[in-house]
Amino acid sequence: MRRIFCYALFFAILLPDLAISQSEPVDTAMVAKIRDEGLNRSQIAMIAHQITDVAGPRLTNSPGYKRAANWAVSQMKQWGLSNAALEAWGDFGKGWELQKSYIALKEPYYQPMIAYPKAWTGSTNGLITAPVVFLEKMDSATITKHAAEIKGAIVLVSDGTKKIKSAFNAYASRYSDSQLVKMNDMYWFTRKMVDFYLPMIERQKKIKEFLVAQGPAALLLEEGGGRDGTIFVDGGPEYKKDVAPGKTSVVLSTEDFLRIQRLIEGGTKVQIEMEVKTNFDNGDLHGHNVVGEIPGTDPALKSELVMLGAHLDSWHSGTGATDNGAGSIVMLEVMRILKTLGIQPRRTIRITLWDGEEQGLYGSYNYVKNHFADVTTMQTKPDYDKVSAYYNLDNGSGKIRGIFTQDNEQVIPIFKAWLAPFADLGANTIANKNTGSTDHQAFDEVGIPGFQFIQDPLEYETRTHHSNMDTYDHLQIDDLKQAAVIIATFVYQTAMRDAKIPRKPKPNAGKWIFDGLD
Ligand SMILES: [Zn+2]
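Under the numbering used here, the letters of the sequence shown match residues 638 to 1155, in that order.
Structure follows, in structure tokens:
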């Protein structure tokens, strides 16, 4: 019974799609050319070196972001792309750069600490040495209890971590077939979740202000539960022009944090010596996306667009290699492959590398608002109907295993046909699910088809995502080659297709998902 049932199920799921997907044309000759160029003459390693090692950390509006963005524009020009440029999307906030960070245990003995300042944090008053006060809880009662000691001291603020995570499970992983079949919605943020968390975030902000009002010299934090010297560190709202630089805040490695905590709890006096020097740039507060094109050639379709992108900005403690150097590197390579093959697309192909993603998808949200539609009013612009689809990559360095449909069933047979040539490279899953919290959402929220690919997790969540270990050496270059080849064929076939990618019903006006969250 079961076996017959399985066959029946197999055919039930596949047959109708098979018929339709067989009707979806696949340019096998072009797929072969793209595979050859992308797998045998890849420029991924070169692009990766420039975007990570050479540019450095690419915090939005920072010197590192500008180095990477300017390099991308000049490289696209060298490849012969059209309209390669930086495009201002609106006001972001202050530029910031770390210029010095030194933290060491001074008493009861000397030892350097593994630590990283939060983004947009302020400087210490030169080299300081001060006693350490431990706050077992971040609440006003605990702060009041320690108020006398806090003044001029370095305050250790716990997030409740008691011990480091076990390392018995491998850090890196690839999806098994059964995991791919059960692929579910992958949302980090929904508007509902944001509305739920906002009061808590507001409360935390108030408590931090109360702590800072007690006059500590600096704050040492435990965040993210890293181990082996891996520190997960991001930043707060201090990039905003009307928010003052934050009190010097530094995230310690879990191991160093817990040692100091135990020393203090055991009655040992602890002194820390530290110096943090940061620079704020209040000059150009604008945010800038990077854009470039391969113009369409079909008189009837060349004004229509196929877009691809990834956020170029990153956090600051590594070189943002897997988040999201990986996506930016792959999308640039896609444009190089297509340009090198001398394609004559019917629709115009446009690459967009975003900034401000880590602070709330600012670059993509404002780009969509400036060019296509405002989600809060659903007022549309003339180009709104011109976009066939937008393809995004922002789940680390893992190879593509498939694609999320964003609940748009009409694309299933199309994507099935387009993925079929890549089953041998491990990409054959269509998840009729949503994924979010990255830039395709800015398109999806206004009803323009926007898609994120399913990628192997590797060590994204366990090691590199927003950490000081997010560097070139944690990239899987072969995985990125595979991704570039697959995306280049999706983009090409979307540009050549007679019809645009079918859309879901136009959404009603609504709240932008990240409003109020930073
Ligand atoms: Zn990202």
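Each residue gets a CB set at the ideal place from its N, CA and C atoms; glycine is no exception.
{"Check": "Asp-832 - DSSP class collapsed to helix/strand/coil", "Outcome": "helix"}
{"Check": "Alpha-carbon to alpha-carbon, Ile-1123 and Ala-1060", "Outcome": "11 Å"}
{"Check": "Element boundaries [beta strand (DSSP E), containing Leu-949]", "Outcome": "Neither: Leu-949 is in no beta strand (DSSP E) and is coded neither H nor E."}
{"Check": "Segment limits, beta strand (DSSP E) that includes Gly-763", "Outcome": "Taken as a continuous stretch (DSSP letters only), Gly-763 belongs to no beta strand (DSSP E), as it is neither H nor E."}
{"Check": "Candidates Glu-734, Leu-676 and Ala-1121: closest to Ser-965 by CA position", "Outcome": "Ala-1121"}
{"Check": "Among Ile-801, Ala-855, Val-913 and Leu-990, nearest to Trp-622 - alpha-carbon criterion", "Outcome": "What the structure shows of the chain is the stretch from 638 to 1155, and residue 622 is not part of that stretch, so it cannot be assessed."}
{"Check": "Presumed contact (8 Å Cβ cut-off) between Ser-699 and Glu-734, rounded CB distance", "Outcome": "6 Å"}
{"Check": "Span of the beta strand (DSSP E), counted from its first residue to its last, around Ala-752", "Outcome": "752-754"}
{"Check": "His-953 beta carbon near ligand 1 (any heavy atom closer than 7 Å)", "Outcome": "no"}
{"Check": "Beta-carbon proximity check, Asp-664 vs Met-1106, cutoff 8 Å", "Outcome": "no"}
{"Check": "For Gln-1089, the three-state DSSP class (helix, strand or coil)", "Outcome": "strand"}
{"Check": "Separation of Tyr-812 from Gly-883, as counted between CA atoms", "Outcome": "40 Å"}
{"Check": "Helix, strand or coil at Tyr-1027 [DSSP, three-state]", "Outcome": "strand"}
{"Check": "Ordered list of beta strand (DSSP E) runs contained in the stretch 694-763, each at least 3 residues", "Outcome": "719-728, 732-744 and 752-754"}
{"Check": "Unbroken alpha helix (DSSP H) run spanning Asp-1116, endpoints", "Outcome": "1114-1133"}
{"Check": "His-1077: CB within 7 Å of a non-hydrogen atom of ligand 1", "Outcome": "no"}
{"Check": "Segment contact flag, the stretch 1088-1098 with the stretch 929-937, C-beta cutoff 8 Å, min 3 pairs", "Outcome": "no"}
{"Check": "heavy atom of ligand 1 below 7 Å from Asp-960 C-beta", "Outcome": "yes"}
{"Check": "Spatially closest choice to Val-943 from His-1008, Ala-784, Thr-905 and Arg-987, by CA coordinates", "Outcome": "Arg-987"}
{"Check": "Any non-hydrogen atom of ligand 1 within 7 Å of His-1111 CB", "Outcome": "no"}
{"Check": "His-994 beta carbon near ligand 1 (any heavy atom closer than 7 Å)", "Outcome": "Just to set this straight, residue 994 is Glu in the shown sequence, not His. For ligand 1, at least one heavy atom lies less than 7 Å from the Cβ of Glu-994."}
{"Check": "Three-state class that DSSP yields for Lys-670 in the structure shown", "Outcome": "helix"}
{"Check": "Reduced DSSP category for Arg-811 - H, G, I as helix; E, B as strand; rest coil", "Outcome": "coil"}
{"Check": "Arg-639 in three-state terms, based on DSSP", "Outcome": "Unreliable positioning characterises Arg-639 in this predicted model, as indicated by a pLDDT of 43, which lies under 50. A coordinate reading is not provided."}
{"Check": "Spatial neighbours of Glu-786 in its chain, beta-carbon cut-off 8 Å, leaving aside the 5 residues before and after", "Outcome": "Pro-768 and Val-770"}
{"Check": "Which residues DSSP lists as bridging Leu-990, in chain order", "Outcome": "Val-927 and Ala-947"}
{"Check": "For Phe-1041, the residue or residues it bridges with in DSSP", "Outcome": "Ala-1068"}
{"Check": "Ligand 1 heavy atom lying under 7 Å from the CB of Asp-1184", "Outcome": "Absent from the model: residue 1184. The displayed extent of the chain is 638 to 1155, so no value can be given."}
{"Check": "Heavy atom of ligand 1 within 7 Å of His-948 beta-carbon", "Outcome": "yes"}
{"Check": "contact_flag[the stretch 1039-1048, the stretch 962-978] where n(CB pairs < 8 Å) is 3 or more", "Outcome": "no"}
{"Check": "Rounded distance between the beta-carbons of Phe-729 and Leu-922, thought under 8 Å", "Outcome": "6 Å"}
{"Check": "The stretch 975-987 in contact with the stretch 683-691 per 3-pair CB rule at 8 Å", "Outcome": "no"}
{"Check": "Sequence-distant residues of the same chain with beta carbon closer than 6 Å to Gly-872, five excluded per side", "Outcome": "Lys-755, Ala-756 and Trp-757"}
{"Check": "C-alpha gap between Lys-939 and Ser-1025, whole angstroms", "Outcome": "12 Å"}
{"Check": "Stretch pair the stretch 908-923 + the stretch 803-820: three plus CB contacts closer than 8 Å", "Outcome": "no"}
{"Check": "Burial state of Pro-662 (16 or more Cβ within 10 Å)", "Outcome": "exposed"}
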